[in-house]
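*Asks:*
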Amino acid sequence: MKAPEGEGLIQLNQNGKKSIYYAPRKRMLSNGESRVRLSKQRSKLFSHLIAHPDEILSRTDVFRLLFPSTPLPENEYEAFKVLKLTTGIITQLRNKLKSVDPTLAESVKTIKGVGITYVPQAK
810 MKAPEGEGLI QLNQNGKKSI YYAPRKRMLS NGESRVRLSK QRSKLFSHLI AHPDEILSRT
870 DVFRLLFPST PLPENEYEAF KVLKLTTGII TQLRNKLKSV DPTLAESVKT IKGVGITYVP
930 QAK
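For the working numbering, add 809 to where a residue sits in the sequence shown, where the first one is 1.
This is how it looks when you write it as structure tokens:
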């Protein structure tokens with residue numbers, strides 16, 4: 810299977826003989842053998858992470874990135890729901906990345922008590 814084609818194709822890392830490609834417009838990840846399509850939310854988050862490597866995003870930052878027109882909740886119960894929602898999206902993103910290449914999923918790091926960041930693998 811070929812790598813996805815199109816404008817803005819990004820080579821993420823080299824794992825042995827397999828290159829990992831990401832086509833943001835198509836929201837497609839490929840390792841040459843299999844392809845995975847990301848949802849709009851996961852793609853938006855992943856695109857931001859790879860465009861800003863080593864930048865730490867808090868769960869609040871992730872929520873604001875994915876839901877810019879939704880105000881942050883003021884009560885604890887609603888804030889907990891936001892935390893669960895953003896954690897779920899991050900977990901789903903990691904699962905999709907893992908299905909293409911486990912080392913790619915490991916690139917999305919959790920900084921305990923702070924947030925998440927993308928640490929690129931060597932090319």
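We put the beta carbon where it would ideally sit given N, CA and C, even for glycine. As the structure is a computational prediction, the values presented were derived from the model and not from experiment.
Taking all protein chains shown into account, do 16 or more other C-beta atoms lie within 10 angstroms of the C-beta of LYS905, making it buried, or fewer, making it exposed?
*Replies:* Mapped onto the sequence shown, residue 905 falls at position 96. Buried is the call here.
*Asks:* Once DSSP output is grouped into helix, strand and coil, what is the label at VAL923?
*Replies:* Against the sequence shown, residue 923 aligns to sequence position 114. Reduced to three states, the DSSP call for VAL923 is coil.
*Asks:* Do the stretch 837-844 and the stretch 864-882 touch if we need at least three Cβ pairs shorter than 8 Å?
*Replies:* No: fewer than three Cβ pairs fall under 8 Å.
*Asks:* Skipping 5 residues on each side, what residues in its chain have a beta carbon closer than 8 Å to that of MET810?
*Replies:* Residue 810 sits at position 1 when you count from the first residue of the sequence shown. Caution is warranted here: a pLDDT of 45 is assigned to MET810, below 50, making its placement in the model unreliable, and the coordinate value is therefore given only provisionally. Cβ neighbours of MET810 beyond the five flanking positions: SER839, GLY841, GLU842, SER843 and ARG844.
*Asks:* Might you give, ordered along the chain, the residues of its own chain that have their beta carbon closer than 8 Å to the beta carbon of ILE898, omitting 5 neighbours on each side?
*Replies:* Locating residue 898 in the sequence shown gives position 89, where the first residue counts as 1. The residues are GLN850, ARG851, LEU854, VAL871 and LEU875.
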